[in-house]
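Colleague: First to last, the protein sequences are chains S and X.
0 is the number of the first residue of the first sequence in numbering that gives the first Met the number 0; add one for each residue after it.
0 is the number of the first residue of the second sequence in numbering that gives the first Met the number 0; add one for each residue after it.
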Amino acid sequence: MEPLTWGEIIVRIFIQFTPVWIALVITFALSISFKRKLGLYGKLFDSPIGMVGFALVAFWIFTAFFTGAFDLISTHDPLAQVSGMKNKVPGTPLRGAEEGDYSHYLMGGDTLARDVFSRMVKGSTIVILIAPLATLFAFMVGITLGLPAGYYGGRFDTVLSFLANLVLAFPVILLFYLLVTPEITQTGLPNYMAAVLFFFPIIFCTILLNSRLYTQPAKRNLYVALIVGFIVLVYLTVVSNAGTKIDFLPSWLDFYDPAAGLLVVFVSVVFVNSPTVFRIVRGLALDIKTRDYVAAAQTRGEGPWYIMLWEILPNARGPLIVDFCLRIGYTTILLGTLGFFGLGLPPESPDWGSTINEGRKLLSVYLHPVLPPALSLLSLVLGLNLLADGLREESLRD
Amino acid sequence: MGLFILRRLAVMLFTALCLTFVVFFLTNLYPNLEKLAKTQGNFRMSEAEVSSWLGNRGYSDNIFSKYGQWLGVVPGYVIEGTDGETRARCARQGVAIDDAPRFCGVLQGDWGFSTVFKDGNGSIIATRLALTGKLMFWVLMVMVPGALIIGVLAGMREGSRTDRSLSTASIITTATPEYVSGVIFIAIFASSAVGLKWFKGTATSAMSDANFENFFLPVITIALYGIGYIARMTRASMTEVMTAQYIRTARLKGVSFANIVMKHALRNALIAPFTVIMLQIPWLLNGVVIVETLFNYKGFGWVLVQAAGNNDVELLLGVSVVSVFVVLLTQLISDIGYVFLNPRIRIS
Chain S
0 MEPLTWGEII VRIFIQFTPV WIALVITFAL SISFKRKLGL YGKLFDSPIG MVGFALVAFW
60 IFTAFFTGAF DLISTHDPLA QVSGMKNKVP GTPLRGAEEG DYSHYLMGGD TLARDVFSRM
120 VKGSTIVILI APLATLFAFM VGITLGLPAG YYGGRFDTVL SFLANLVLAF PVILLFYLLV
180 TPEITQTGLP NYMAAVLFFF PIIFCTILLN SRLYTQPAKR NLYVALIVGF IVLVYLTVVS
240 NAGTKIDFLP SWLDFYDPAA GLLVVFVSVV FVNSPTVFRI VRGLALDIKT RDYVAAAQTR
300 GEGPWYIMLW EILPNARGPL IVDFCLRIGY TTILLGTLGF FGLGLPPESP DWGSTINEGR
360 KLLSVYLHPV LPPALSLLSL VLGLNLLADG LREESLRD
Chain X
0 MGLFILRRLA VMLFTALCLT FVVFFLTNLY PNLEKLAKTQ GNFRMSEAEV SSWLGNRGYS
60 DNIFSKYGQW LGVVPGYVIE GTDGETRARC ARQGVAIDDA PRFCGVLQGD WGFSTVFKDG
120 NGSIIATRLA LTGKLMFWVL MVMVPGALII GVLAGMREGS RTDRSLSTAS IITTATPEYV
180 SGVIFIAIFA SSAVGLKWFK GTATSAMSDA NFENFFLPVI TIALYGIGYI ARMTRASMTE
240 VMTAQYIRTA RLKGVSFANI VMKHALRNAL IAPFTVIMLQ IPWLLNGVVI VETLFNYKGF
300 GWVLVQAAGN NDVELLLGVS VVSVFVVLLT QLISDIGYVF LNPRIRIS
């Protein structure tokens, strides 16, 4: 079989992404036609920058979704090594292709003769799953601690701010090297940190519901029991892992163990991000607590947690949403950094950072294994930054 | 002012103590020490042999006493080992035990001995830091003027075409981490297969003899990530200043636009970016580690990776202390500088 020309490669890649294009077109058509009814999200479609950003982000979300859930888009197994395909240029026909195999390596093969295109596509799943979730956890921690620190002030604030500055004074890479090594993992330290950090969403949800519904005890008890019960169960199964220091659940109940390295990476990324979120939330709370509606709520006799979570937090949402977008981008960069130094995730993992790390050793000779993940990471982070910029512009407008 | 600086210094010292203790604690966790014992002794040591090896060398003391010894405020250990040999912390470099000083820690200038480089940590860190200093100097020389020019150009006429294109460019650079831009630059400018072959893909030769060909890529890779961020901050503060009342007064007086920008606006617009530039330095430290690894420039960041990757406990500690101090010092300078630059705070 003939190798593909560059034109053919581009057309074929375009065809491979068909489900993503369809989903993108539908999303955009629906969003633009109903944009006046969609609030801040709809307003995004008034700014060209916001739309470009949203398109880039949505492209990767759909890619991750279709390849993660339905195994579409990718052409080969990202871990399968095919003899004779080592470092082959883009468009090389697959040697010994059988019936049902995709006939070419669209973006060539890497040093271990795996398909670069499939690895790039599969890598998006890892990033799209971990980065927003880790950012969300960092926000839960930052909000739960930052609101009272800003609202009450005093010694509580001093101690927490000092601790936050302490973490922030660490160079990030040093912190990763100290936390994400096999020896430290052996001591169970990341598991203990997970147990502490993952506890904050439980606190957050409980207080959130309780402060809103405490006047209707029956309803409150039901909601808190249902939601918190569910989260606690998830918490216990995630925190308790067979074969580590924290292993208390019986195996029939412990239905989910995060993959090796995943928990450590997740925890360290949350740990690095939460002090910054804490500082932002604290600053916002300091500013907003002087407003009249807070004074009105205090006069009404609302409890402090109600004021923090239902008066201050909704009014701080603008800057927080913008920062959330930016921070997902930053978290993506951090995940790439971890991969780049070969920390945490197993070396054969197709995530972009690890792939860049693997390809850079032969970078001056073979470019094609490195450039696709590098450009993917760039486009996702760029999309998030543009999205944040568009959101900021639109939320400032009214 | 004096009191302010003193208080900041006290907080900084306390922070440094806390941070070094955390690093000390993490690097001295038992699995790390066990690995150290096995790499230094031999790999087939039994549990008991490992613990006696560690005990003989003072590693089994409690963490606070070890930290005190490392710091130099607690006398170094003198232990008569289970193998009959007497070892003392301060008698490591061929000094007789009786002649050894009582204290030997960081405060006395003793940074310990590296197991990877077989050299004193103090001299390793000094030479590597000098190399990284050279890199950082050029990065700052490129980054600061570049970012300020871009920011001022974009911010002096808000919403103009220059503003939009420069702002988009700075968003792109902030979205490009060093390991991505470095890879792209090597692909374009240094690849031996395709590309322009203008520069070299490694900076190893730049350690002794830095020139444009082998040093430009690492410098621009680190600088680029910071440029976008600082330029955006400069732009924001410039646009704010340009809408201020006194600028309008100047315009109404008939001062030329160039004069307004250079003489009236610039000085006030540069207060905020100063803080941002100083706070960017800790992040440059990250960039340095990535770029030194990517371009194989054996500076401070490269040593950090080597020390951490090879479980060189004492070297890693030394490296951490230095980087933590760099971060804290820049924070201190940015705080003091902010007060100093801002007349509203300085005079009150």
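Glycine residues also receive a C-beta, built at the ideal position from the N, C-alpha and C atoms.
Since X:Ile124 and X:Gly317 are thought to touch, with beta carbons under 8 Å apart, how far apart are those beta carbons, to the nearest angstrom?
Modeller: Counting from 1 along the second sequence, the entry for residue 124 of chain X is found at position 125. Counting from 1 along the second sequence, the entry for residue 317 of chain X is found at position 318. Indeed, because the Cβ distance is near 5 Å, the residues count as touching under 8 Å.
Colleague: Return the first residue and the last residue of the beta strand (DSSP E) that X:Glu79 is part of.
Modeller: Taking the second sequence and counting its residues from 1, one reaches residue 79 of chain X at position 80. Val77 to Glu79 is the span of the beta strand (DSSP E), which, as asked, contains X:Glu79.
Colleague: Note down the Cα distance separating X:Gln39 from S:Cys204, rounded to an integer number of angstroms.
Modeller: For the purposes of this step, residue 39 of chain X is taken as residue 40 along the second sequence, with counting starting at 1. For the purposes of this step, residue 204 of chain S is taken as residue 205 along the first sequence, with counting starting at 1. If I take the Cα positions, the gap works out to 50 Å.
Colleague: Quick check on S:Asn356: buried or exposed, where buried means 16 or more other Cβ atoms within 10 Å of its Cβ?
Modeller: Here residue 356 of chain S refers to the residue found at position 357 of the first sequence. It counts as buried.
Colleague: Please say whether S:Phe136 and S:Ser267 have beta carbons closer to each other than 8 Å?
Modeller: The sequence position of residue 267 of chain S within the first sequence is 268, counting from 1. The sequence position of residue 136 of chain S within the first sequence is 137, counting from 1. No, Cβ-Cβ distance for S:Ser267 and S:Phe136 is not below 8 Å.
Colleague: Touch check for the region 80 to 88 of chain X and the region 28 to 45 of chain X: three-plus C-beta pairs under 8 Å?
Modeller: No, the region 80 to 88 of chain X is not in contact with the region 28 to 45 of chain X.
Colleague: Hey, X:Glu157 and X:Thr238: beta-carbon distance below 8 Å or not?
Modeller: Position 158 of the second sequence, counted from the first residue, corresponds to residue 157 of chain X. Position 239 of the second sequence, counted from the first residue, corresponds to residue 238 of chain X. Yes, the pair counts as a contact, with Cβ atoms nearer than the cut-off.
Colleague: Is it true that the CB of S:Leu144 sits closer than 8 Å to the CB of S:Leu159?
Modeller: For the purposes of this step, residue 159 of chain S is taken as residue 160 along the first sequence, with counting starting at 1. For the purposes of this step, residue 144 of chain S is taken as residue 145 along the first sequence, with counting starting at 1. Yes, these two residues count as a Cβ contact at 8 Å.
Colleague: What span of residues does the beta strand (DSSP E) with X:Thr201 cover, start to end?
Modeller: The sequence position of residue 201 of chain X within the second sequence is 202, counting from 1. From DSSP, X:Thr201 is part of no beta strand (DSSP E); its letter is neither H nor E.
Colleague: Please classify X:Ala87: does DSSP put it in a helix, a strand, or coil?
Modeller: Here the question's residue 87 of chain X lines up with position 88 in the second sequence. X:Ala87 falls in the strand class under three-state DSSP.
Colleague: Counting only the same chain and skipping the five closest in sequence on each side, list residues whose C-beta sits under 6 Å from that of X:Asp109.
Modeller: Here residue 109 of chain X refers to the residue found at position 110 when the second sequence is read from its first residue. Here the set comprises Cys103.
Colleague: Can the beta-carbon of X:Thr220 be found less than 8 Å from the beta-carbon of X:Phe198?
Modeller: On the second sequence, residue 220 of chain X is found 221 positions in, with the first residue counted as 1. On the second sequence, residue 198 of chain X is found 199 positions in, with the first residue counted as 1. In this structure, X:Phe198 does not lie closer than 8 Å to X:Thr220 by Cβ.
Colleague: Enumerate in chain order the residues of its own chain whose CB-to-CB distance from S:Asp45 is below 7 Å, with the five nearest sequence positions on each side excluded.
Modeller: Position 46 of the first sequence holds residue 45 of chain S. Result list for S:Asp45: Glu393, in chain order.
Colleague: Assuming S:Val56 contacts S:Leu383 under a Cβ cut-off of 8 Å, what Cβ separation, rounded to an integer in Å, is found between them?
Modeller: For this step, residue 56 of chain S is matched to residue 57 along the first sequence. For this step, residue 383 of chain S is matched to residue 384 along the first sequence. Sure, about 6 Å apart at Cβ, within 8 Å.
Colleague: Give every residue of the same chain whose Cβ lies closer than 8 Å to the Cβ of S:Val227, excluding the five residues on either side of it in the sequence, and list them in chain order.
Modeller: Residue 227 of chain S sits at position 228 when you count from the first residue of the first sequence. Within the same chain, S:Val227 has close Cβ partners Ile201, Cys204, Thr205 and Leu208.
Colleague: At a CB distance below 7 Å, what residues from the region 32 to 64 of chain X approach chain S? Give them in sequence order.
Modeller: Within the region 32 to 64 of chain X, the qualifying residues are Lys34.
Colleague: Rounded to the nearest angstrom, what separates S:Phe331 and S:Leu128 at their Cα positions?
Modeller: Locating residue 331 of chain S in the first sequence gives position 332, counting from the first residue. Locating residue 128 of chain S in the first sequence gives position 129, counting from the first residue. Looking at the sequence provided, one finds Thr at residue 331 of chain S rather than Phe. Those two C-alpha atoms are separated by around 10 Å.
Colleague: So the alpha helix (DSSP H) X:Val182 belongs to, where does it begin and stop?
Modeller: As a working mapping, residue 182 of chain X is identified with position 183 in the second sequence. First-last of the alpha helix (DSSP H) with X:Val182: Glu177 to Phe184.
Colleague: Hey, does S:Ala112 have any beta-carbon neighbour from chain X nearer than 8 Å?
Modeller: The count along the first sequence starts at 1 and reaches residue 112 of chain S at position 113. False, the Cβ-Cβ gap to chain X never drops below 8 Å.
Colleague: For X:Ile229 versus X:Gly150, is the C-beta distance shorter than 8 Å?
Modeller: Counting from one through the second sequence, the residue named residue 229 of chain X turns up at place 230. Counting from one through the second sequence, the residue named residue 150 of chain X turns up at place 151. Yes, these two residues count as a Cβ contact at 8 Å.
Colleague: Please name the residue in X:Ala87, X:Lys297, X:Gln107 and X:Leu106 whose C-alpha comes closest to that of X:Ala99.
Modeller: In the second sequence, residue 99 of chain X corresponds to position 100, counting from 1. Nearest C-alpha to X:Ala99: X:Ala87.
Colleague: Pop quiz: S:Leu334 and S:Ala130 are said to be a contact at Cβ under 8 Å. What is the actual Cβ separation, rounded to whole angstroms?
Modeller: Locating residue 334 of chain S in the first sequence gives position 335, counting from the first residue. Locating residue 130 of chain S in the first sequence gives position 131, counting from the first residue. Sure, about 6 Å apart at Cβ, within 8 Å.
Colleague: CB-CB under 8 Å to X:Val115, same chain, minus the five flanking residues each way: which ones, in chain order?
Modeller: Here the question's residue 115 of chain X lines up with position 116 in the second sequence. Around X:Val115: Gln305, Ala306, Asn309, Asp311 and Leu314.
Colleague: Taking C-beta to C-beta, are S:Val263 and S:Pro189 nearer than 8 Å?
Modeller: Numbered from its first residue, the first sequence carries residue 263 of chain S at position 264. Numbered from its first residue, the first sequence carries residue 189 of chain S at position 190. Yes.
Colleague: Can you list, in chain order, the residues of its chain with a C-beta nearer than 6 Å to that of X:Phe13? Leave out the 5 residues immediately preceding and following it.
Modeller: What you label residue 13 of chain X is simply residue 14 of the second sequence in a count that begins at 1. Once the five neighbours on either side are set aside, X:Phe13 has no close Cβ partner at all.
Colleague: Closest to X:Leu216 by CA distance: which of X:Tyr296, X:Val240 and X:Met277 is it?
Modeller: Looking up residue 216 of chain X in the second sequence gives position 217. For X:Leu216, the nearest C-alpha among the options comes from X:Tyr296.
Colleague: Does DSSP put X:Phe13 in a helix, a strand or coil?
Modeller: Taking the first residue of the second sequence as 1, we reach residue 13 of chain X at position 14. Of the three classes helix, strand and coil, the one that applies to X:Phe13 here is helix, per DSSP.
Colleague: Taking the continuous alpha helix (DSSP H) assigned at S:Pro345, which residues delimit it?
Modeller: Taking the first sequence and counting its residues from 1, one reaches residue 345 of chain S at position 346. That residue, S:Pro345, is in no alpha helix (DSSP H); it is neither H nor E in DSSP.
Colleague: Rounded to whole angstroms, what's the CA-CA distance from X:Met277 to X:Gly298? Just pull it up for me.
Modeller: Working through the second sequence from its first residue, we reach residue 277 of chain X at position 278. Working through the second sequence from its first residue, we reach residue 298 of chain X at position 299. So the alpha carbons of these two residues sit roughly 21 Å apart.
Colleague: Taking a cut of 9 Å between CB atoms, which residues from the region 303 to 332 of chain X lie near chain S?
Modeller: So the close ones are Leu303, Val304, Ala306, Ala307, Gly308, Asn310, Leu315, Val318, Ser319, Ser322, Val323, Val325, Val326, Leu327 and Gln330.
Colleague: Using beta-carbon positions only, say whether S:Leu385 and S:Ile48 come within less than 8 Å of one another.
Modeller: Along the first sequence, one-based indexing puts residue 385 of chain S at 386. Along the first sequence, one-based indexing puts residue 48 of chain S at 49. Taking 8 Å as the Cβ cut-off, S:Leu385 and S:Ile48 qualify as a contacting pair.
Colleague: Helix, strand or coil, according to DSSP, for X:His263 in the structure here?
Modeller: By one-based count along the second sequence, residue 263 of chain X stands at place 264. Three-state DSSP puts X:His263 in a helix.
Colleague: Counting along the chain, where does the alpha helix (DSSP H) carrying X:Met135 start and finish?
Modeller: Numbered from its first residue, the second sequence carries residue 135 of chain X at position 136. That run of the alpha helix (DSSP H) goes Asn120 to Met155.
Colleague: Do S:Thr74 and S:Thr124 count as a contact pair if the criterion is CB distance below 8 Å?
Modeller: As a working mapping, residue 124 of chain S is identified with position 125 in the first sequence. As a working mapping, residue 74 of chain S is identified with position 75 in the first sequence. No. Outside cutoff.
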